[in-house]
Structures are given as C-alpha cells and as structure tokens.
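Data block below; observations after.
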Amino acid sequence: PSYRNIKNFSDSIGVKNISAFTATATPEVRKDIVEQLKFQNPSIHISGFVRENISLNVSFEKNKKEKIYELVKGNEKSTIVYASTRKNAEQLTKYLRIKKVDAEFYHAGLSNELRKIIQDDFLNDKTKVIVATNAFGMGIDKSDINLVIHYNIPGSIENLYQEFGRAGRDGNDAKAYLFYSDRDKEIQEFLIKLSFPSYEQIKECYRTILDYHRIAVNNISEKLLEINNELFKLIESKSIPKNLITSILSILEQNKYLKIHTSSSLNHFIQFLLNPNDLKKYLKGMYNPELQEFIIQLIKHFGSTIFEKKVQLDFDFFEKSFSQTRNNIEEFLFTLNNVGIIKYDKPTFSPKVEMLRERVDIKNLRLDKEDITNKILLAENKLNKIVDYVNSTDCRFKIILDYFGEVTENYFCGKCDNCGNLKKRFGNKEYIDEIIIRTFKEYNSALTEQRLIGILKGTSKSIVAKKISTYQNCQHYSASEIEASVQLLLAKNILKNINGELVFNPMEELFSADENEFEFEEPIKNNYENNLELFNKLKEERNLASKKFSQNPQIVCDDKILSEISKVKPKSPSELMQISGFNQRMYNKIGPEFLIIIKEHNETQTHTSNSNQLPKHISQTYELVNKKYSLTEISNLLKLPESIVSIQLETIISYYPNKNYSTLINKDEFEIIKNAIDDLSEDLKSIKQKLKSSLSYSKIRVVKAILLAQKSL
C-alpha cells in the first residue's frame with residue numbers, strides 16, 4: 002500500500018507530527034499503519050461506520066437481470082449497479098436498455114473522454130442508471146443516489162462498504178442490494194489469480210525479459226529494456242496473463258532487480274495497402290468528398306514512398322495545409338484503416354525496465370516468498386469474509402461493524418433483510434402473523450406457545466424444528482412480539498387454544514381475511530413513463546435556473562408543481578399559469594423554457610413509434626440528439642467518424658424537421674456556414690471552397706440539412 006512510503010517522505014521534508022485518517026481500515030490495516038508510520042503510543046479513534054439511512058439486502062437469485070430491472074424501473078432517483086467484469090456490465094446494460102431503462106455502462110476499457118462524458122451525464126441527471134465495474138465511483142459525490150446494487154459479490158467487505166456507501170448521501174433513506182450466486186465466488190477467485198503472481202510466474206517473467214534482450218547471467222545492461230508487444234506475447238505464452246506483468250515488475254522493483262520506466266512513442270505511421278492503380282479506381286467510386294481529398298493530399302505530400310513503406314505523419318502540417326482538425330484527421334485514418342486502404346500505426350505506450358543489478362540465475366533470485374504468499378492468502382481471506390457476510394443470518398451492519406473493529410454488542414440496525422424490518426408487503430405484526438400461520442400449515446400439528454417461539458427464533462434444538470422452512474425467520478423479533486401476534490390470531494379464531502396447546506383453524510383464516518388482501522394493485526398508468534421523462538427534463542431546466550439565480554431549486558419551482566406540469570403538459574402561457582402553485586415570478590424565470598421543453602417532448606412522443614423503426618445505428622444517434630449532444634460528442638460516443646455521423650444526422654433531420662437541432666453545431670459556426678450558402682441546391686464542395694476555413698464537410702452537411710428542414714416547414 003502507498004501509505005508505507007509516507008514515513009520516508011515525511012522524514013525527507015522534516016515533518017514530525019503526523020495524523021492518519023482512513024475510511025475503511027480493518028484492525029490489521031490499522032496496526033500496519035501504526036507500525037509503518039512508527040507511531041509511539043498513538044491515540045486511535047474508531048467511529049462513523051454506521052449508515053443509519055441505508056438498508057442492506059442480500060438475495061440469492063437465478064434471474065438477477067429481471068430482479069434488477071424490477072428494482073430500477075420504478076426508481077425516480079439515481080442508481081449505481083456494480084458488476085465484477087466488463088462483460089457483465091455491458092450485457093446487463095444491454096438488457097436494461099431493451100427494457101427501456103436509461104442505462105450506461107462504465108469500465109476501464111472505455112476511452113478517458115467517453116468515461117468523462119458518461120460520468121458527467123450521470124452527475125447531471127442525464128443518465129439515471131450506471132452499470133459499472135469498480136472503476137466507477139472514486140470521487141463521485143452525488144447526493145441523490147438512493148439505490149446501489151451489486152450484480153456480483155465484490156472482492157472484499159471494504160469494497161462493498163465503499164460502494165454501497167455512495168447511496169443516501171442526502172440523508173434520505175436508501176437501499177443496497179447484493180445478488181449472489183455460486184458462480185460469483187468463482188469469478189472473484191479467478192480475479193485473484195489475475196492480480197497476484199505466483200513465485201514461479203515471477204521467476205519465469207524475469208528470465209523471459211532478460212533472455213529476450215540477450216542479457217547473460219552476471220551481466221547488466223546500461224540501456225533501458227523495452228517490453229514491446231512481441232515480448233508481451235512471449236511472456237503470455239509462458240502462462241502469465243498480460244495484466245499480471247505490471248504486478249510482477251513491481252515486485253521485482255521492490256526486491257531491487259528491475260525498475261519500471263513508462264515510455265511512449267507519439268509518432269503516427271501510415272502506408273497504403275493498395276497499389277496506385279487500384280487506389281485510383283477506389284477514388285473514382287468514393288462518395289465522401291472530404292475523405293477523397295484527404296487521400297489525394299497524402300499522395301501529393303509523400304509521393305510513391307507511401308506505397309512502398311511506412312511514413313511518419315506530421316499532424317501539425319496536415320492541420321494547416323488541409324484545414325482540418327486533429328480529430329478529423331484521426332477519423333479519416335481510422336476509417337481508411339478499417340476498410341483496408343491503409344495500414345495505420347497509432348502511437349504506442351510501452352513500459353521499459355532498468356536493470357538495478359547484474360542478472361542472476363533464477364535459482365538465486367531472492368524474493369520475499371512469505372510476503373507474496375501472504376498477499377494471496379489475504380485476498381482469499383477477504384473473499385471468504387464477503388461470502389460469510391452473504392450467508393450469515395446476523396444483522397448485516399453488525400457484521401460490517403465487527404469487521405472494521407467497531408464494538409457492537411447486541412447491535413441490530415433494524416433495517417437490513419436479516420433484521421426483518423423491510424416492510425416490503427407486510428408491517429412487523431403482519432409479517433409475524435404470516436410466519437406463524439405458515440409454521441402451523443407446515444408442521445400440521447398442535448404446538449405449545451414456547452415451542453412455537455423456539456422454532457421462530459431458532460432457539461429450538463429439535464431436528465424436526467430445524468427442518469421447518471420458517472425456522473429462525475423471526476430471530477430478530479422479541480418473544481413478546483411473537484406472543485402478541487399469537488394473542489391476535491387467537492382473538493380472530495385463526496388459532497385455538499386446546500388444553501394449553503395451539504391448534505390452527507384453516508377455515509377461519511380463509512373467512513376472516515381482510516378484503517383488501519384480495520384486491521389487485523392499481524395498474525400503472527400507460528403514460529407514467531412519459532410523465533416521468535418530462536418531469537426529469539423540467540427538473541433539469543429548473544436546476545439550471547436555480548444556479549443562474551442563486552436560489553434553492555425548490556424555491557424556483559417546487560417538485561410537486563413540476564410533477565403537476567408533467568401530467569397536464571400545458572401548451573401556452575395561460576395554461577401554464579393555471580397550474581396550482583405556479584405564479585408569475587416562476588414564469589418570468591423558467592416559464593418560456595418549460596413551454597419549449599413540453600412542446601419538444603410532445604413532438605418526440607408523437608414520433609416514438611417511428612423512432613423505434615429506425616435502424617439500430619440511426620436510433621443510437623437519435624437518442625444522443627435528444628440528449629442535446631453536439632456532432633463531435635456523438636462521434637466520440639459512438640466511435641464513428643464525424644462524416645458518417647453527419648450522414649446519419651442528415652437522415653434524422655429530414656425525418657423529424659420540427660426538432661430543435663441547435664446543439665449539434667456551435668452557434669457561431671452555424672452562422673458562418675449559413676451565410677456561405679447562397680442556394681440550398683449547392684453541393685458541399687462548392688460551399689467548402691467559399692468558406693476557406695477549417696469548418697469540415699460534416700458540419701456543412703448538418704447545417705445544410707437543418708436549413709432544408711426549416712424551409713420545408
């Protein structure tokens with residue numbers, strides 16, 4: 002852990018007094034911190050692990066996806082779902098999207114730019130559900146998260162606590178669910194193997210690196226040794242996964258054999274794969290004028306050399322001479338590479354290692370075997386603790402508090418599933434009543450009150466009692482609470498007392514049932530999701546206004562009023578002013594914006610069925626248009642060239658001419674392009690030549706499509 006370096010650092014700068022603070026340190030970690038920082042008679046304070054507004058729940062589910070859908074579909078606030086692998090995150094997101102849930106996946110395999118956009122969308126309420134690996138969450142401080150779900154078990158109770166702790170930061174009640182299956186433990190065991198190298202793997206990696214660079218035993222290289230792709234593949238062929246190599250190099254550095262250096266090559270190299278004649282034929286049939294022009298520029302600049310070998314591309318030169326942005330040039334290169342016209346080598350980032358001493362024979366490689374073994378055992382122990390947590394019948398929070406060393410004698414949170422106070426369908430009393438009735442139905446014989454209490458609280462040692470499905474189901478209720486339910490059931494004649502024993506009366510149970518128990522729940526109105534979507538749009542606009550006027554959002558416009566507006570959907574100022582509670586002051590701040598949002602929302606709903614018929618790639622673009630992303634942002638999110646996206650947008654704009662497309666193109670750029678268009682029948686190349694600027698064909702195409710749509714109205 003990095004805290005082990007603090008003492009040396011503090012000594013080097015003359016710091017004498019140190020205080021240490023940590024959110025999730027176990028007793029063992031606290032002891033290690035004290036030893037590493039060399040504290041003398043430290044004062045240790047432990048508190049704050051209890052989160053009284055969060056109820057913890059564990060569920061053994063075969064169909065986890067369906068259960069998660071049920072939880073998130075009716076949740077108006079934000080939700081985080083944690084998955085143990087990238088694949089699980091993507092598959093669950095796909096499932097939720099099919100079910101019309103506004104969800105995005107997030108993991109370390111996405112580009113930094115895309116991760117930033119997804120994270121910002123979540124923070125700004127553009128996305129309601131994030132399905133993520135543990136790459137998501139550090140530094141996230143969003144107050145209205147009221148639901149955190151673990152699709153798989155995490156690797157430790159520390160991770161569980163940190164992750165569900167992102168819920169309920171506004172002080173309101175929140176829920177955390179952990180869904181478990183036996184396969185989950187296997188996944189975590191596999192991840193441990195990928196995180197902690199064995200002693201044999203470390204030796205083999207050391208030997209392979211130095212053999213590859215032909216460094217003999219007892220020799221040392223003065224140069225840095227590059228670990229390139231070829232060497233990575235060679236190491237992987239020795240049954241050493243690629244993501245273990247960094248861990249191995251860190252261990253070799255700790256033991257003074259090799260030191261890691263991060264290096265990079267920022268050069269771009271390209272070569273044409275087609276001969277000049279074939280390329281000429283390809284150019285004739287090409288429909289994309291800006292891509293065609295880019296290829297011609299490459300040939301003019303490099304001549305025949307680019308057909309014979311790889312050449313280095315100078316981005317600065319092409320940006321100036323071709324009037325294109327770096328992003329556009331990269332898009333052209335990716336497009337040409339993907340269709341097999343060029344071979345494009347992107348900048349590479351590869352580590353290098355420095356030899357800290359002469360090479361030794363692997364038999365003489367001195368490593369701290371005990372430390373390596375202990376790290377693996379510690380990870381396995383942490384995993385076993387989380388499995389124990391899943392299977393325990395104790396209070397969930399008591400287990401967590403015990404794990405972190407907080408004194409918890411007779412602690413009950415009263416909110417977790419094991420404490421029995423979830424109040425899902427029944428209150429406390431009704432829950433006990435049902436358990437008692439189920440016990441008699443299953444036992445099918447008379448019971449004394451004390452024996453019944455022994456079964457329900459799990460104190461009975463009888464083998465027969467332990468086989469009853471309700472055994473221990475009321476262990477967190479007092480004997481007096483169970484006795485009170487027995488008296489009520491006796492009063493209702495559902496139970497009878499015959500010679501000191503309780504007997505179940507099934508006919509009386511049937512006829513004394515509350516009529517409400519047989520009523521069906523009121524069906525959800527068809528327009529519920531529609532209203533909720535509009536409510537969130539209005540809420541987003543209201544929040545922007547609150548920042549603009551430096552006022553509390555509820556003062557600008559109360560949530561109850563927003564809810565009523567989303568139901569009524571007023572079309573004019575007079576209709577909006579008729580909404581109960583909505584006044585002139587509110588209208589002056591947000592009224593016109595609300596009416597525009599409602600109008601656009603109604604138009605979108607009108608075309609929903611048509612949108613569903615769009616091809617998948619067009620539908621994805623259409624969704625991003627609705628979320629007010631720009632052309633460039635949509636291109637980055639979909640990982641498509643702007644030229645391709647602009648063609649899709651052209652189709653969407655012609656299909657939905659009434660929509661507001663002002664966010665696609667910067668306002669100033671839009672005006673420049675608009676002023677250059679004398680006739681909408683002009684081709685893109687003619688318009689481009691008149692502009693004499695870096696504005697791309699893609700932007701010209703989109704602006705032209707918008708102008709055509711406006712003309713058609």
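Numbered per the numbering used here, the sequence shown spans residues 2 to 714. Using N, Cα and C, we set each Cβ at its ideal position, and we do this for glycine too. Remember, predicted model here, so these are calculated numbers, not experimental data.
Distance between beta carbons of residue j and residue i, contact taken as under 8 Å
i	j	result
E291	Y656	That pair is no contact at about 24 Å.
I1	Y390	The structure shown does not extend to residue 1, since the chain is modelled only from 2 to 714, so the question has no answer here.
E227	K353	5 Å
L665	L632	5 Å
I469	I456	6 Å
F273	I307	5 Å
A677	K668	A677 to K668, Cβ: 15 Å. No contact.
N147	N244	34 Å between Cβ atoms; not a contact.
P571	I580	7 Å
L195	P242	6 Å
Helix, strand or coil at residue i according to DSSP, with G and I counted as helix
i	result
Q690	helix
M578	helix
E201	helix
E522	Confidence at E522 is low in this model, with a pLDDT of 32, below 50, so its placement is unreliable and no value can be given for it.
N135	coil
E223	coil
S564	helix
Q313	strand
E105	strand
H602	helix
D680	coil
N589	helix
P352	strand
N147	strand
N173	coil
Residue from the options with nearest C-alpha to residue i
i	options	result
N135	E164, Y345, R116 and G286	E164
H262	N230, K224 and L280	K224
N230	I216, K101 and I210	I210
L280	E634, I342, K311 and K572	I342
R170	K143, T336, Q189 and V149	K143
K347	I330, D362 and Y478	I330
E651	E601, K705, F550 and R215	K705
F270	V487, E309, L253 and Y283	E309
T605	N659, N419 and P593	N659
N661	E294, E594, F319 and G172	E594
I193	L491, N385, N76 and I688	N385
R702	K462, F123, K689 and K693	K689
N268	N474, V312, I433 and N276	V312
F318	N147, N338 and F295	F295
S393	Y181, F22, Q711 and A133	Y181
A104	L275, S60, L539 and V132	V132
N18	I249, S44, P28 and I619	S44
I591	V30, S573, S575 and C558	C558
K497	S463, Y472 and T449	T449
N54	I99, D145, A109 and F22	D145
V59	S13, V149 and K95	V149
Euclidean distance between Cα positions of residue i and residue j
i	j	result
A90	E332	27 Å
L97	Y70	7 Å
E67	L708	45 Å
G501	I454	15 Å
Y178	A168	11 Å
M587	Q621	35 Å
S481	H46	38 Å
L57	S479	21 Å
V16	K39	13 Å
I601	V569	The sequence shown places Glu at residue 601, not Ile. In a straight line, the C-alpha of E601 is about 15 Å away from that of V569.
S486	S157	40 Å
G1	L625	Coverage of the chain is limited to positions 2 through 714, which leaves residue 1 absent and any answer about it impossible.
Q189	H151	13 Å
H108	E576	46 Å
N375	F197	10 Å
G172	C475	29 Å
M356	E254	9 Å
F123	T471	42 Å
Would the region 31 to 40 and the region 2 to 13 be scored as touching if the rule is three or more Cβ pairs under 8 Å?
Contact holds: three or more Cβ-Cβ distances are below 8 Å.
Check whether the region 235 to 254 and the region 295 to 313 are in contact - that is, three or more C-beta pairs closer than 8 Å.
no
Cβ pair count under 8 Å reaching 3, the region 435 to 447 against the region 80 to 94
no
Three or more C-beta pairs closer than 8 Å, one from the region 110 to 126 and one from the region 634 to 654: is that the case here?
yes
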